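Student: Residue 420 in the numbering used here sits at position 407 of the sequence shown; the count goes up by one each step and never skips.
Glycine included, C-beta positions come from ideal geometry on N, C-alpha and C.
Quick caveat, the model's predicted, so the values are computed rather than measured.
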Amino acid sequence: MKEKYEKLVNSKYYKVADVLIFAFMLLASTAVMTVLFYRQSISDGSTYHSDIRPYIEEMLGIQTQYSFPYPILFKTAGILYYFTPTPEWAMVIAITSFNILAMIIVKIILEKQTGAGILSSLCTMSLFFLSMLFSHNLKKLGIVHTYIGVFTPNPWHNATYMAARPFMVLAFFFGVYTLVHYEHDFAKGAAFTRYRKTAYLAFSISLLLATLAKPSYTLVHGFTVVIIMLYRLFKSRFKNLRQTILLGCYYIPTIMSLGYQYLGVFSGGSSHNDEQGIGFGFFRVWSLYTKNIPLAIALAILFPIIVLIFHRNQLSKNNMYRFAWQIYIVAFATTAFLYEKGFRELHFNFSWGYICGIFLVFFVSMILVLKDSRYWIVQKYPPKFTLALTIEWFALIAHTLMGLYYFALLYYGSNFL
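1) Tell me the residue span of the alpha helix (DSSP H) that contains residue 236.
2) Kindly give me the distance between the Cβ atoms of residue 420 and residue 142, rounded to whole angstroms, as I take these residues to be in contact under 8 Å.
3) With DSSP collapsed to three states, give me the class of residue 25.
4) Give me the Cα-Cα distance between residue 185 and residue 234, rounded to the nearest whole angstrom.
5) Is the segment 371–385 in contact with the segment 240–247, if contact means three or more CB pairs nearer than 8 Å?
6) Can you tell me where the beta strand (DSSP E) with residue 293 in it begins and where it stops?
7) Determine the DSSP secondary structure at residue 352, reduced to helix, strand or coil.
8) Please name the residue in 406, 348, 63, 226 whose C-alpha comes closest to that of residue 89.
9) Touch check for the segment 301–309 and the segment 144–160: three-plus C-beta pairs under 8 Å?
10) State the start and end residues of the unbroken alpha helix (DSSP H) segment that holds residue 91.
11) Ends of the alpha helix (DSSP H) at residue 309?
12) Please name the residue in 98, 260, 93, 105 whose C-alpha comes closest to that of residue 66.
13) On the DSSP letters alone, give me the boundaries of the alpha helix (DSSP H) that residue 125 sits inside.
14) Can at least three beta-carbon pairs, one atom from the segment 214–223 and one from the segment 175–194, be found at a separation below 8 Å?
15) Would you kindly check if the distance between the Cβ of residue 249 and the Cβ of residue 416 is under 8 Å?
16) Let me know if residue 148 comes out buried or exposed under the rule of 16 or more other beta-carbons within 10 Å of its beta-carbon.
17) Let me make sure I understand the geometry here. Which of 113, 133, 48, 194 has the alpha-carbon closest to that of residue 180?
18) Does residue 36 come within less than 8 Å of chain D when only Cβ atoms are used?
19) Out of 124, 119, 172, which has the shortest C-alpha to C-alpha gap to residue 85?
20) With DSSP run on the structure shown, which of helix, strand or coil describes residue 211?
21) Please classify residue 426: does DSSP put it in a helix, a strand, or coil?
22) Considering Cα atoms alone, identify which of 210, 117, 308, 223 is closest to residue 260.
23) Quick check on the DSSP output: what are the complete alpha helix (DSSP H) runs of length 4 or more inside the segment 342–405, in order along the chain?
24) Which same chain residues, not among the five before or five after residue 293, have their C-beta less than 7 Å away from its C-beta?
25) What whole-angstrom Cβ distance do residue 340 and residue 370 have, given they're in contact under 8 Å?
26) Determine, using beta carbons only, whether residue 119 and residue 140 come nearer to each other than 8 Å.
27) Taking the straight line between their C-alpha atoms, what separation do you get for residue 272 and residue 161?
28) Are the beta-carbon atoms belonging to residue 129 and residue 329 less than 8 Å from one another?
29) Could you check whether residue 246 and residue 257 sit closer than 8 Å to each other, using their CB atoms as the reference points?
30) Straight-line CA distance for residue 424 to residue 42?
31) Just verifying my parser: in three-state terms, what is the DSSP assignment at residue 251?
32) Pick helix, strand or coil for residue 194, following the three-state DSSP scheme.
33) Which residues bound the alpha helix (DSSP H) around residue 325?
34) Helix, strand or coil for residue 150, going by three-state DSSP, please let me know.
35) Evaluate residue 267 with the Cβ neighbour count: other Cβ atoms within 10 Å of its Cβ, from every protein chain shown; 16 or more gives buried, anything less gives exposed.
36) Express the C-alpha separation of residue 192 and residue 206 in angstroms, rounding to a whole number.
In structure tokens form, the structure reads like this:
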């Protein structure tokens with residue numbers, strides 16, 4: 014069985030079929046996404062609610078009450094505007110292009126990590142369409158809204174999140190490499206090869222681009238890395254101080270960018286003449302949008318939770334899996350305890366880091382399930398393993414079906430909330 018399976022997945026025809034299937038799904042998903050984004054861009058606000066209109070105004074240089082100090086999306090759309098008939102089409106093409114890029118990056122990583130072929134293509138599409146679990150019947154349990162307070166890894170209404178996502182995935186992937194290897198790579202006498210230089214440079218550039226697209230992921234990534242590096246620094250009794258400083262140098266461009274962005278946002282006055290800055294509160298903002306936070310968490314990440322239950326030993330063995338959950342925990346903490354003062358408080362902007370964390374734990378959980386599925390095909394496993402794998406797939410399918418339904422609701426004009 015194993016030999017037949019390996020022969021099949023390594024055959025030229027199977028690989029061609031995988032490419033064709035992925036290309037077809039990519040084109041089909043791009044078509045429906047383009048329609049949704051265009052409808053959002055021309056909406057008067059009564060339907061197809063999104064942030065695209067303010068972004069188009071920012072691209073055109075129109076003064077608004079909001080500050081968007083992260084230029085990637087706006088500059089890209091501005092360049093495309095030279096070749097498109099309307100600013101709306103320029104913005105739509107820019108958003109769609111970033112989403113396509115993210116899908117391709119995820120497909121490549123899933124395939125490299127699992128070798129699952131067509132199954133990795135299907136999971137890539139699933140990752141970009143799945144959502145939180147939701148039902149009107151949950152209102153009696155304190156889930157007031159479908160999206161806000163629960164959250165989805167695919168918030169179709171926010172273009173800057175989608176613009177940042179391809180760079181977020183790359184920054185996460187290369188960030189895992191840097192955390193695993195920096196203590197060895199930067200030790201005195203270690204050979205800093207071209208491959209290593211490329212990996213660290215790729216990390217630094219991708220994190221900077223993610224910051225310039227939307228800094229939400231950068232904040233939770235940065236907090237997580239600082240905690241990890243300080244722990245290692247104290248544990249080694251400062252013996253890895255050199256390595257810590259040298260790795261920190263690759264964060265300098267991002268730190269400078271964050272300084273520029275947040276200096277303007279959180280200092281001085283505002284057009285609303287109210288208080289600015291960051292405050293601390295115990296679920297202060299989150300509790301405004303849901304009355305049952307534990308259930309909201311479960312609805313958002315049921316699949317990753319189930320995978321974690323069956324693969325908890327991977328937290329000590331799998332660096333990528335552990336780092337994703339570390340980011341999620343830090344993102345949860347910032348969402349729960351930090352908030353922006355003034356009129357931005359109700360915007361719940363710290364939840365964007367939490368959404369990034371949700372996306373990443375889905376991503377790494379898929380990798381484990383794909384690996385298990387491939388092993389299950391070629392080897393005999395006890396019934397417990399089969400049962401666990403079945404439960405994991407059912408949870409993933411449930412998230413995917415709900416995500417497709419949620420996308421359809423938005424596609425026909427429903428409010429994303």
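Tutor: Taking the definition as stated:
1) Indexing the sequence shown from 1 puts residue 236 at position 223. Its alpha helix (DSSP H) spans residues 229–248.
2) For the purposes of this step, residue 420 is taken as residue 407 along the sequence shown, with counting starting at 1. For the purposes of this step, residue 142 is taken as residue 129 along the sequence shown, with counting starting at 1. Between residue 420 and residue 142 a beta carbon distance of about 6 Å is seen, short of the 8 Å cut, so the two are scored as contacting.
3) Here the question's residue 25 lines up with position 12 in the sequence shown. Helix, per DSSP.
4) To locate residue 185, count along the sequence shown from 1; it is residue 172. To locate residue 234, count along the sequence shown from 1; it is residue 221. Answer to the nearest angstrom: the Cα atoms are 8 Å apart.
5) Taking 8 Å as the limit for Cβ pairs, the verdict is that the segment 240–247 does not touch the segment 371–385.
6) As a first step, residue 293 must be located in the sequence shown, where it is residue number 280. Unbroken beta strand (DSSP E) run through residue 293: 291–293.
7) As a position in the sequence shown, residue 352 is number 339, starting the count at 1. DSSP places residue 352 in strand when its eight states are reduced to three.
8) As a first step, residue 89 must be located in the sequence shown, where it is residue number 76. For the residues 406, 348, 63, 226, the minimum Cα distance to residue 89 belongs to 226.
9) Cβ pair count under 8 Å is three or more, so yes.
10) By 1-based counting over the sequence shown, the position of residue 91 is 78. Following the DSSP letters along the chain, one finds residue 91 inside the alpha helix (DSSP H) bounded by residues 85–93.
11) Locating residue 309 in the sequence shown gives position 296, counting from the first residue. Per DSSP, residue 309 belongs to the alpha helix (DSSP H) from 306–313.
12) Taking the first residue of the sequence shown as 1, we reach residue 66 at position 53. Nearest C-alpha to residue 66: 105.
13) Position 112 of the sequence shown, counted from the start, is the residue given in the question as residue 125. Residues 100–127.
14) Touching, yes.
15) Sequence index remark: in the sequence shown, residue 416 carries index 403 (1-based). Sequence index remark: in the sequence shown, residue 249 carries index 236 (1-based). Contact: no.
16) Within the sequence shown, residue 148 is the residue found at index 135, counting from 1. The C-beta of residue 148 has fewer than 16 other C-beta atoms within 10 Å across all chains shown, which makes the residue exposed.
17) As a position in the sequence shown, residue 180 is number 167, starting the count at 1. For residue 180, the closest alpha carbon among the candidates 113, 133, 48, 194 is that of 113.
18) Annotation note: the requested chain D is absent from the structure, which comprises a single protein chain.
19) Translated into the one-based positions of the sequence shown, residue 85 becomes position 72. That would be 172, whose Cα lies nearest to the Cα of residue 85.
20) Taking the first residue of the sequence shown as 1, we reach residue 211 at position 198. The answer is helix: DSSP assigns residue 211 an H, G or I state.
21) Locating residue 426 in the sequence shown gives position 413, counting from the first residue. Reduced to three states, the DSSP call for residue 426 is coil.
22) Within the sequence shown, the letter at position 247 stands for residue 260. Taking only the C-alpha atoms, the option nearest residue 260 is 210.
23) Taking only runs of at least 4 residues, the alpha helix (DSSP H) segments lying wholly in the segment 342–405 are 364–391.
24) Working through the sequence shown from its first residue, we reach residue 293 at position 280. Correct list, in chain order: 350, 351.
25) Here residue 340 refers to the residue found at position 327 when the sequence shown is read from its first residue. Here residue 370 refers to the residue found at position 357 when the sequence shown is read from its first residue. Residue 370 and residue 340 do touch by the CB rule: their CB atoms are close to 5 Å apart, below 8 Å.
26) In the sequence shown, counting from the first residue as 1, residue 119 sits at position 106. In the sequence shown, counting from the first residue as 1, residue 140 sits at position 127. Yes, they are a contact pair.
27) Here the question's residue 272 lines up with position 259 in the sequence shown. Here the question's residue 161 lines up with position 148 in the sequence shown. Distance between the alpha carbons of residue 272 and residue 161: 29 Å.
28) Walking along the sequence shown from the start, residue 129 turns up at place 116. Walking along the sequence shown from the start, residue 329 turns up at place 316. Contact flag unset, no.
29) Numbered from its first residue, the sequence shown carries residue 257 at position 244. Numbered from its first residue, the sequence shown carries residue 246 at position 233. Their beta carbons are under 8 Å apart, which means residue 257 touches residue 246 by this criterion.
30) Mapped onto the sequence shown, residue 424 falls at position 411. Mapped onto the sequence shown, residue 42 falls at position 29. Going by the C-alpha atoms only, they are around 12 Å apart.
31) For the purposes of this step, residue 251 is identified with residue 238 of the sequence shown, where counting begins at 1. Residue 251: coil per DSSP, three-state reduction.
32) If you number the sequence shown from 1, residue 194 lands on position 181. When DSSP states are grouped into helix, strand and coil, residue 194 belongs to the helix group.
33) In the sequence shown, counting from the first residue as 1, residue 325 sits at position 312. That residue, residue 325, is in no alpha helix (DSSP H); it is neither H nor E in DSSP.
34) The residue you call residue 150 lines up with position 137 of the sequence shown. Here residue 150 carries a helix assignment [DSSP, helix/strand/coil].
35) As a working mapping, residue 267 is identified with position 254 in the sequence shown. With 16 or more Cβ atoms within 10 Å of its Cβ, residue 267 is classed as buried.
36) Locating residue 206 in the sequence shown gives position 193, counting from the first residue. Locating residue 192 in the sequence shown gives position 179, counting from the first residue. The straight-line gap from Cα to Cα measures roughly 17 Å.
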